[in-house]
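Using the working numbering, read the sequence shown as starting at 119 and increasing by one per residue. Worksheet for the structure shown next.
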Amino acid sequence: MTGSVTDDARETQPPGDYPALFLHAVERWYPQRQGRLEILKGVEFAVWPGEMVALVAPSGTGKSTLLHVAGLLERPDGGEVYIGGNATAHMDDAGRTRLRREEIGFVYQFHHLLPELSALENVVMPQLIRGLSAKEAKARASELLGFLGLSERLDHRPAELSGGEQQRVAIARAVANAPRVLLADEPTGNLDPHTSAHVFSTLIALVRASGLAALVATHNFDLARRMDRVVTIRDGLVIDVG
Ligand code: ADP
Ligand code: MG
119 MTGSVTDDAR
129 ETQPPGDYPA
139 LFLHAVERWY
149 PQRQGRLEIL
159 KGVEFAVWPG
169 EMVALVAPSG
179 TGKSTLLHVA
189 GLLERPDGGE
199 VYIGGNATAH
209 MDDAGRTRLR
219 REEIGFVYQF
229 HHLLPELSAL
239 ENVVMPQLIR
249 GLSAKEAKAR
259 ASELLGFLGL
269 SERLDHRPAE
279 LSGGEQQRVA
289 IARAVANAPR
299 VLLADEPTGN
309 LDPHTSAHVF
319 STLIALVRAS
329 GLAALVATHN
339 FDLARRMDRV
349 VTIRDGLVID
359 VG
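Following this line, the structure appears as structure tokens:
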């Protein structure tokens, strides 16, 4: 089966393309003094290109674990993670890192921008690492930041930006290399409700404009309902809730 997506994910889905992200029989546990703390117990879950999925579940249920496994930051203890139809379990760390850099964007609760770089430079950086020219990278960074309403903030360092602006720069950075999948772990968790709603609106507009697949963990039901689908984690499995 290596290298292709099994039929399981396709049964109820449109034929043709692969899911952007597909978790098949994914398990993740942590060793304990006695036995295991089982977090993911055979997750079956797909996100399709252009789809925005909200992950809403109580603290400690495994949202971050799921995102880390989906984003190839952690290896599952069982099962398979497919990115755009490509199996990853057999890959070595270098292969996983390359795939992650090319296909996956991350946004965290804290922006993790480089403090000594401007907003523009923070979005340029991953593109240079990927091998783009400085000119191409700057053009794309300006366009992305403009789309997110930050044209007047290109030269600001993170400390010179508001919390909402910082998160919008972090979103621009995450999608700078045009990934297939955007994973966001409570991206507005540190923001006030008004700013959260604004950051979400720009995120949704960006996903709509780019055809990305996005999986966004959030505690905010109002914001979650604005996405295509809401899932939760129950008993170690991902289930649809609307
Ligand atoms: P969430 O993001 O939904 O709050 P997490 O994925 O961070 O949940 O954690 C899920 C569970 O796994 C929690 O009970 C947490 O304590 C446990 N956990 C997370 N990381 C580790 C670790 N490295 N070692 C042991 N337990 C962990
Ligand atoms: Mg978490």
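Glycine residues also receive a C-beta, built at the ideal position from the N, C-alpha and C atoms. None of these values were measured; they are calculated from a predicted model.
Asked: Going by other Cβ atoms of all chains shown within 10 Å of its Cβ, with 16 needed for buried, is Thr-120 buried or exposed?; Found: Residue placement at Thr-120 cannot be trusted, given a pLDDT of 39 that sits under 50; what the coordinates show is reported in the next sentence. The residue is exposed, with fewer than 16 neighbouring Cβ atoms inside 10 Å.
Asked: Tell me, please, whether the stretch 177 to 190 touches the stretch 340 to 352 by the rule of three or more beta-carbon pairs shorter than 8 Å.; Found: yes
Asked: Below 9 Å between beta carbons: does that hold for Leu-333 and Ala-302?; Found: yes
Asked: Does the stretch 315 to 325 come close enough to the stretch 239 to 249 to have 3 or more Cβ pairs within less than 8 Å?; Found: no
Asked: Within this structure, are the beta carbons of Leu-341 and Thr-313 separated by less than 9 Å?; Found: no
Asked: Have a look at Lys-256 and Gln-150 and give me their C-alpha separation to the nearest angstrom.; Found: 48 Å
Asked: By Cβ distance below 8 Å, which residues in the same chain neighbour Ala-327 in space, the five residues on each side in sequence not counted?; Found: Phe-265
Asked: Within the same chain, show all residues whose beta-carbon is closer than 8 Å to that of Arg-128, passing over the 5 residues directly before and after it, in chain order.; Found: Because Arg-128 sits at a pLDDT of 42, beneath the cut-off of 50, its placement in the model cannot be relied upon, and the point is left open.
Asked: For Asn-240, which of helix, strand or coil comes out of DSSP?; Found: helix
Asked: How many Å lie between Gly-197 and Ala-143 at the Cα?; Found: 4 Å
Asked: Quick check: does the Cβ of Ala-302 come within less than 8 Å of any heavy atom belonging to ligand 1?; Found: no
Asked: Pull the bridge partners of Tyr-200 from the DSSP assignment, please.; Found: Phe-140, Ala-205
Asked: Would you call the CB atoms of Arg-298 and Glu-221 closer than 9 Å?; Found: yes
Asked: Do Asn-295 and Gly-223 have their beta-carbon atoms positioned less than 9 Å apart in this structure?; Found: yes
Asked: Select from Trp-147, Val-241, Ala-288 the residue whose C-alpha is nearest the C-alpha of Phe-384.; Found: For the chain, the structure presents residues 119 to 360; residue 384 sits outside this window and is missing.
Asked: Helix, strand or coil: how does DSSP classify Val-359 here?; Found: coil
Asked: Looking at ligand 1, does it come within less than 8 Å of Gly-178, judged from the CB to the closest heavy atom?; Found: yes
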